[in-house]
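First the structure, in the form of structure tokens, and then the observations on it.
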Amino acid sequence: MTPAHPAYAQLRQVTDIAAVMLEDNPGMMTLDGTNTWILRAPGREECVVVDPGEADEEHLLRVASVGPVALTLITHRHGDHTGGIDRFVELTGSPVRSVDPKFRRRTDAGLPDGELIEEVGLAIRVLRTPGHTLDSTSFVIEGEGSVLTGDTILGRGTTVLDSTDGDLGDYLASLRSLIDLGTGRTVLPGHGPDLPDLQTVAQQYLDHREDRLDQVRAALEALGADASVRSVVEHVYTDVDEKLWPVAEQSVRVQLDYLRR
Numbered sequence: 336m337t338p339a340h341p342a343y344a345q346l347r348q349v350t351d352i353a354a355v356m357l358e359d360n361p362g363m364m365t366l367d368g369t370n371t372w373i374l375r376a377p378g379r380e381e382c383v384v385v386d387p388g389e390a391d392e393e394h395l396l397r398v399a400s401v402g403p404v405a406l407t408l409i410t411h412r413h414g415d416h417t418g419g420i421d422r423f424v425e426l427t428g429s430p431v432r433s434v435d436p437k438f439r440r441r442t443d444a445g446l447p448d449g450e451l452i453e454e455v456g457l458a459i460r461v462l463r464t465p466g467h468t469l470d471s472t473s474f475v476i477e478g479e480g481s482v483l484t485g486d487t488i489l490g491r492g493t494t495v496l497d498s499t500d501g502d503l504g505d506y507l508a509s510l511r512s513l514i515d516l517g518t519g520r521t522v523l524p525g526h527g528p529d530l531p532d533l534q535t536v537a538q539q540y541l542d543h544r545e546d547r548l549d550q551v552r553a554a555l556e557a558l559g560a561d562a563s564v565r566s567v568v569e570h571v572y573t574d575v576d577e578k579l580w581p582v583a584e585q586s587v588r589v590q591l592d593y594l595r596r
């Protein structure tokens, strides 16, 4: 019987091609922990790994043990997805491809939008989905159609946009790109459980963001155009536990940048 999420320290098969190893690093921003995805074509030994996770020796050893790793891909720069890269390369010898050159190892190859990566019997389409961070990238597994979404879409809750290089305009466009992929695609997220229909979830995310934008616009009308981030959070996020307000401030800062542009 296939274990259910969250299943720590074990390989959980999700689709015919994709399995997940959940890192034991739960937290406010990581939910149950970071999902490290292992992609393997039927009948093949070698695999492709997406997001090795933090520098957690036990987790990295478990991932490295699942089989020869031909390639490692990175969805975005955050440390809970990239912190273990160097140790993972030591363990596996795998090249690492990412949008940000800082995280590339044993290759100079980036992740240009639309590229079809053909490796060890897999065909993986690169779909740039910036917004959560500037370098955020999704991967479409051709053939079965499932999509690795990194932190652009999570298995539960909503995504916080990084206030340093996240961009709401980019994020809304990325959600529309995911919606345009069509129905019936399994969501393989960076955190949380897998979900059955990407188009439905992406539309819910888009509707939620547009609703929040309307609320922020209304807050600015009530508080004044120069209202502070904190005052907007206190006005808008009355339905959210105050312990989460520091996280909400990141989202509001990005929303205000978007509106004030």
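Read left to right, the sequence shown gives residues 336 to 596 (the numbering used here).
By construction, the Cβ of each residue, glycine as well, lies at the ideal position given by its N, Cα and C atoms.
| Query | Result |
| --- | --- |
| Per DSSP, residue 370 forms a beta bridge with which residues? | 357 |
| Return the residue from the list 392, 556, 363, 352 that minimises the CA-CA distance to residue 376. | 352 |
| Short of 7 Å in beta carbon distance, which residues of its chain neighbour residue 479, apart from the five on each side in sequence? Order them along the chain. | 350, 351, 352 |
| What residue from 389, 494, 452 has the CA that sits closest to residue 539's CA? | 494 |
| Compute the distance between the beta-carbons of residue 407 and residue 434, then report whether it is under 9 Å. | no |
| With 16 other CB atoms within 10 Å as the buried threshold, where does residue 565 fall? | exposed |
| Going by CA-CA distance only, name the one from 441, 492, 574, 505 that's closest to residue 592. | 505 |
| Spatial neighbours of residue 594 within its chain, please: CB distance less than 6 Å, with the 5 preceding and 5 following residues excluded, ordered by chain position. | none |
| Would residue 446 pass as a contact of residue 424 if the rule is Cβ separation under 9 Å? | no |
| Is residue 459 helix, strand or coil by DSSP? | strand |
| Taking Cβ to Cβ, would you say residue 355 is nearer than 9 Å to residue 532? | no |
| With a cut-off of 8 Å on the beta carbons, I'd call residue 483 and residue 401 a contact; round off their distance for me. | That belief does not hold up - the Cβ atoms of residue 483 and residue 401 are roughly 16 Å apart, past 8 Å. |
| Express the C-alpha separation of residue 470 and residue 498 in angstroms, rounding to a whole number. | 13 Å |
| Can you tell me which of the three DSSP states residue 472 falls into? | strand |
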